[in-house]
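Written out below as structure tokens is the structure these notes cover.
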Amino acid sequence: MQKRKRCRNKDCDELFTPCPQVPNQEYCSKKECRQARKKEWNRKKLAEDEDYREARKDAQKNWRKKNPDYWKQYRARQKDYVQKNRQQQRARNRKRQQVDLDNLIAKTDESLVKKAVLTGRYRLIPVRGDMIAKTDESIVEIIAISTG
Ligand SMILES: [Zn+2]
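Quick note, the sequence shown lines up with residues 884 to 1031 if you use this note's numbering.
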């Protein structure tokens, strides 16, 4: 039975059982710990190994040479993405506004129905054509017989 070790990834710091096939295993096998190990290895290598540093610089340079439009295309893709997102948000907003409006109309109808059966005094104003003749107004009393 292998002795348990503490994972060197400070974010993990859990006890793990090293694989017998891996000598001096210092990180557990979780994905983020494997990544931390790689990162640490890379950092050390960059600090200590000039050839590695140079090779990496060359590789990056070559990559840029091979993909000169990468950042331009990346920005264009981002722009499309932002635009598309904005459109979708607008559509969602419109939909929500419509729902709000529908709710408001439904509520208004409901309160009108409730008010319509309210017993009370009302001002009755005759409408002639499009004109409202206020002078002919009279007070009427409405008494609800059934509240529904
Ligand atoms: Zn770990």
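Virtual Cβ for every residue (Gly too), placed ideally from N, Cα, C. Keep in mind the model is a prediction, meaning the values are calculated, not measured.
Taking Cβ positions, are residue 1011 and residue 1022 nearer each other than 9 Å?
Residue 1011 sits at position 128 when you count from the first residue of the sequence shown. Residue 1022 sits at position 139 when you count from the first residue of the sequence shown. No, the Cβ-Cβ distance between residue 1011 and residue 1022 is not below 9 Å.
Name the two residues that bound the continuous alpha helix (DSSP H) containing residue 931.
Here residue 931 is taken as the residue at index 48 of the sequence shown, counted from 1. Element bounds for residue 931: 914 to 931.
For residue 913, tell me which candidate among 891, 943, 950 and 967 has the shortest Cα-Cα distance.
Counted from its first residue, the sequence shown places residue 913 at position 30. For residue 913, the nearest C-alpha among the options comes from 891.
How many angstroms separate the CA atom of residue 959 from the CA atom of residue 947?
Taking the first residue of the sequence shown as 1, we reach residue 959 at position 76. Taking the first residue of the sequence shown as 1, we reach residue 947 at position 64. So the two alpha carbons sit approximately 17 Å from each other.
Would DSSP call residue 937 helix, strand or coil?
The residue given as residue 937 occupies position 54 in the sequence shown. If DSSP states are grouped into helix, strand and coil, residue 937 belongs with the helices.
Suppose contacts are defined by Cβ-Cβ distances below 9 Å. Is residue 910 in contact with residue 920 by that definition?
Position 27 of the sequence shown, counted from the start, is the residue given in the question as residue 910. Position 37 of the sequence shown, counted from the start, is the residue given in the question as residue 920. Yes.
Quickly, what does DSSP pair residue 947 with across the bridge? List them, please.
In the sequence shown, counting from the first residue as 1, residue 947 sits at position 64. Its beta-bridge partners do not exist; DSSP assigns none.
Using a Cβ-Cβ cutoff of less than 8 Å, which residues in the same chain neighbour residue 930 once the five nearest sequence positions on both sides are dropped?
Against the sequence shown, residue 930 aligns to sequence position 47. Correct list: empty, nothing qualifies.
Within the structure, which residues are defined as neighbours of ligand 1 by a Cβ-heavy atom distance below 6 Å, reported in chain order?
Those satisfying the condition are, in chain order, 890, 892, 895, 897, 910, 911, 913 and 916.
What did DSSP end up calling residue 957 once you bin it into helix, strand or coil?
As a position in the sequence shown, residue 957 is number 74, starting the count at 1. It is helical.
Would you mind reading off the limits of the beta strand (DSSP E) that contains residue 897?
For the purposes of this step, residue 897 is taken as the residue at position 14 of the sequence shown. Looking at the DSSP string, residue 897 is not in any beta strand (DSSP E), and its letter there is neither H nor E.
What are the boundary residues of the beta strand (DSSP E) that includes residue 1024?
Taking the first residue of the sequence shown as 1, we reach residue 1024 at position 141. Here the beta strand (DSSP E) through residue 1024 covers 1021 to 1025.
What is the DSSP secondary structure of residue 964, counted as helix, strand or coil?
By one-based count along the sequence shown, residue 964 stands at place 81. Correct three-state label for residue 964: helix.
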